[in-house]
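To start, the structure itself, in structure tokens.
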Amino acid sequence: MIIDLQRFVSAERPCWTELEQTLTKLEADPNHRMPLDQVRHFHLLYERAAADLAKITTFSAEPETRRYLENLVSRAYGEIHETRDRRRRFFPLVWFFQTLPQTFRRHARAFGLSVAITLAGCAFGSLALALDPESKPVLMPFSHLLGDPAKRVAEEEKVTTDQLAGRKSSFSAYLMTHNTQVSVLTLALGMTWGVGTILMLFSNGLMLGAVAMDYVRAGQTRFLLGWLLPHGVIEIPAILIAGQAGLMLAFALIGWAKPIPLRTRLRQIAPDVVTLIFGVGLLLVWAGFIEAFLSQYHEPIIPYEVKIAFGLVELLLLILYLAKSGSARLK
Amino acid sequence: MKTSTLQVRTPEGIVFSQLLAGPVPRFLAWFIDTMFISVLTSTLGAFLAMLMAFGGGLAGALYVLGYFIISIGYGIACEWVWRGQTVGKKLFRLRVVDADGLRLQFNQVVTRNLLRFVDSLPLFYFVGGIVCALSPRCQRLGDIAANTVVVRYPRIAEPDLDQLLSGKFNSLRQFPHLAARLRQHVSPMEASIPLRALLRRDEFEPVARVELFAELAAHFQSKVEFPPEATDGIADEQYLRNVVDVIYRGQNG
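Protein chains in written order, with this note's numbering: chain A, 408 to 738; chain B, 31 to 283.
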């Protein structure tokens with residue numbers, strides 16, 4: 408049997424047009440909420456269009472009408488069968504004080520692994536430099552770090568003028584964007600079953616360990632702490648959290664002993680990954696600002712004790728924030 | 031298994047499909063988007079160059095931040111506001127959709143755009159292109175992580191049957207028993223062929239059109255043989271119009 412297409416289209420067109428108009432309204436304003444009777448009518452229109460699609464697919468192969476109906480049914484299906492939480496409004500303070508720290512704590516295992524990999528890199532880097540000082544250019548390929556730390560400290564401490572005058576903002580912006588790119592790459596490499604993320608974390612740890620060992624061996628621990636702590640206590644945890652997000656992707660890809668399909672596993676963690684990476688971005692904005700406006704100034708301009716104390720306070724606040732913020736709400 | 035359509039079965043048992051976009055149109059859409067991003071950042075650069083007079087450091091910082099935000103945020107903002115489309119995707123009639131046919135969520139848009147960092151490695155989306163070519167549903171890594179696919183949506187219009195079936199005298203209807211037999215013997219897929227050919231008649235070269243209609247007419251003549259008084263003196267194209275009229279308008283024509 409082949410249906411009388413013209414009569415079919417003319418009889419059903421009013422319903423399709425009405426469904427299309429409702430969909431256009433819903434798509435234009437995601438916050439639009441329909442009263443119950445309208446929802447029922449919308450569902451009725453969807454079911455009718457779906458039945459028409461079934462009819463036209465079975466009794467006529469006319470492709471234009473079928474495609475038109477498929478498009479209509481697919482749009483309505485997305486609206487009706489979506490059961491995931493659709494947050495209608497974004498509250499920045501709720502997100503910052505509750506969502507982000509709660510998300511971080513939910514995936515503490517991935518963060519622990521991220522820390523362990525970085526510490527392994529640190530240990531390897533510091534040990535390698537201690538055993539073979541000639542390997543410095545390989546372990547930390549940055550020209551400004553290749554010289555003698557004691558000489559650098561002496562030069563930095565001779566400076567009494569603002570060497571970054573007029574350039575602090577752009578330097579800060581560069582640091583923010585560069586570190587965010589590195590973090591996003593660390594996250595994205597989770598899609599290599601975590602291999603890329605692990606390499607990024609390990610290499611970061613390796614460079615950090617090598618730099619730390621270089622300055623400690625040269626007797627410049629105080630300078631090192633004063634230089635690194637103010638921004639490092641935020642920047643390094645930010646990279647670790649990016650690693651945490653990358654490892655979450657990797658866990659979802661591997662799916663150890665989880666009897667649920669890959670798509671479901673990825674769907675479950677995607678909102679948390681996005682929350683964490685936005686948190687990382689926020690931390691790196693702060694770190695970039697501190698690195699350009701504070702970390703690059705040494706004694707006698709700013710005493711090291713002040714910088715170290717500032718870094719320690721930041722670290723304490725960060726730990727409190729990540730460990731405690733939003734926990735009352737969670738209970 | 032590689033497929034060219036995304037098929038979704040609803041709980042009501044209805045199956046609908048959407049055409050999946052291959053790597054080439056997606057690459058072209060990305061190229062357009064890259065051009066668009068270049069225009070935006072150049073405009074920003076030109077605007078900030080004027081601000082340099084007031085404070086070079088701040089203008090430089092704004093340019094660095096602006097460039098970064100535009101290059102990362104462009105895809106996220108466009109795909110969220112335009113429900114899965116960017117300028118390039120609009121031009122090539124592509125759209126990002128949820129792989130299960132559901133509403134596209136903000137976290138899906140962000141995930142697929144952030145994972146461009148790995149898809150674009152080492153150059154020109156080489157990793158993403160390879161994964162897309164190998165993936166059964168043409169997904170790059172970002173799409174796999176976000177559970178999205180990119181579909182093509184050709185321009186959709188209801189068929190203009192009025193201009194096709196213009197109400198002229200149909201000689202085949204003089205023989206209702208044969209017309210009924212024709213309707214019975216022709217499958218929906220078979221019936222759609224002359225309908226499509228007639229709807230697209232102006233797109234064919236004249237010679238090709240005559241050949242195509244002759245071939246189709248011969249096919250339908252072999253299905254049900256009408257007496258000579260119903261077929262003599264009418265062109266193949268008119269014969270096909272009559273066939274389509276009989277099939278799609280049934281007995282009510």
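Here a beta-carbon is modelled for each residue, glycine too, at the ideal position from N, C-alpha and C. A quick note: this is a predicted structure, and the numbers were derived from the prediction, not measured.
Among all the DSSP beta bridges, which residues are the ones paired with residue 37/B?
47/B
Going by beta carbon distance, what residues of the same chain come within less than 7 Å of residue 34/B, once the five residues before and after it are set aside?
49 and 50
DSSP has residue 128/B in a bridge; who is on the other side?
178/B
Sort 415/A, 560/A, 731/A and 597/A by Cα distance to residue 649/A and report the nearest one.
Residue 597/A is the option with its Cα nearest to residue 649/A.
Distance cutoff 8 Å, beta carbons only. Does residue 105/B sit that close to anything in chain A?
no
Should residue 227/B be flagged as near chain A, meaning a C-beta pair shorter than 8 Å?
Answer no: the Cβ-Cβ gap between residue 227/B and chain A never drops below 8 Å.
Tell me where the alpha helix (DSSP H) around residue 548/A begins and ends.
Note, residue 548/A: premise wrong, no alpha helix (DSSP H); not H, not E.
Indicate whether at least one CB of chain A lies closer than 8 Å to the CB of residue 109/B.
no
Let me confirm a value: residue 551/A is counted as buried when at least 16 other C-beta atoms fall within 10 Å, else exposed. Which label applies?
exposed
Indicate the three-state DSSP secondary structure (helix, strand or coil) for residue 708/A in the structure shown.
coil
Drop a sphere of 10 angstroms on the beta-carbon of residue 707/A, count the other beta-carbons inside from all chains shown, and report buried for 16 or more, exposed for fewer.
exposed
Quick test of your reading: residue 577/A and residue 87/B, contact by CB under 8 Å. State the CB separation rounded to the nearest angstrom.
6 Å
Close Cβ partners of residue 138/B (< 6 Å) along its chain, the five nearest in sequence each way excluded:
176 and 178
Counting pairs of Cβ atoms below 8 Å between the stretch 264 to 276 of chain B and the stretch 240 to 252 of chain B, do you hit three or more?
yes
Within 7 Å of chain A by C-beta, residues of the stretch 228 to 253 of chain B in sequence order:
none
Using a Cβ cut-off of 8 Å (strictly closer), state whether residue 611/A contacts chain B.
no
Return no unless some Cβ of chain A is closer than 8 Å to the Cβ of residue 141/B.
Yes, because at least one Cβ of chain A sits closer than 8 Å to the Cβ of residue 141/B.
Check the Cβ-Cβ distances between residue 128/B and every residue of chain A, and say whether any is below 8 Å.
yes
Since residue 118/B and residue 143/B are thought to touch, with beta carbons under 8 Å apart, how far apart are those beta carbons, to the nearest angstrom?
Contact check for residue 118/B and residue 143/B: beta-carbon distance about 13 Å, past the 8 Å limit, so the pair fails to qualify.
Answer with buried or exposed for residue 440/A, where buried requires no fewer than 16 other C-beta atoms within 10 angstroms of its C-beta.
exposed
Spell out whether any CB of chain B is found under 8 Å from the CB atom of residue 584/A.
yes
Looking at the C-beta of residue 737/A, does it have a partner C-beta in chain B at a distance below 8 Å?
Low per-residue confidence applies at residue 737/A: pLDDT is 48, beneath 50, and the placement is therefore not dependable enough to give any value.
Closer than 6 Å by C-beta to residue 208/B: which residues in its own chain qualify, once you throw out the five before and the five after it? Chain order, please.
Here the set comprises 254 and 256.
Which of the three DSSP states, helix, strand or coil, is assigned to residue 120/B?
It is helical.
Does residue 644/A pass the burial test, meaning 16 or more other C-beta atoms within 10 Å, or should it be called exposed?
buried
9 Å Cβ cut-off: residues of chain A touching residue 72/B:
Simply none; closest approach about 18 Å.
If the cut is a Cβ gap below 7 Å, which residues of chain A does residue 132/B touch?
Close partners of residue 132/B in chain A (Cβ separation under 7 Å): 485, 488 and 489.
8 Å Cβ cutoff, residue 581/A in contact with chain B:
yes
Interface residues of chain A facing residue 44/B [CB-CB closer than 7 Å]
457, 460, 461 and 480
If we ignore side chains and look at the alpha-carbon of each, how far apart do residue 658/A and residue 669/A end up?
10 Å
Answer yes or no: do residue 131/B and residue 53/B have a C-beta to C-beta separation smaller than 8 Å?
no
Whole-angstrom Cβ separation of residue 521/A and residue 647/A, contact assumed at under 8 Å?
5 Å
Delimiting residues of the alpha helix (DSSP H) encompassing residue 220/B:
Judged by DSSP secondary structure, residue 220/B falls within the alpha helix (DSSP H) whose first and last residues are 218 to 229.
Give the C-beta separation of residue 426/A and residue 456/A to the nearest angstrom, bearing in mind that I take them to be a contact with Cβ-Cβ under 8 Å.
5 Å
Minimum Cβ-Cβ distance from residue 209/B to chain A less than 8 Å
no
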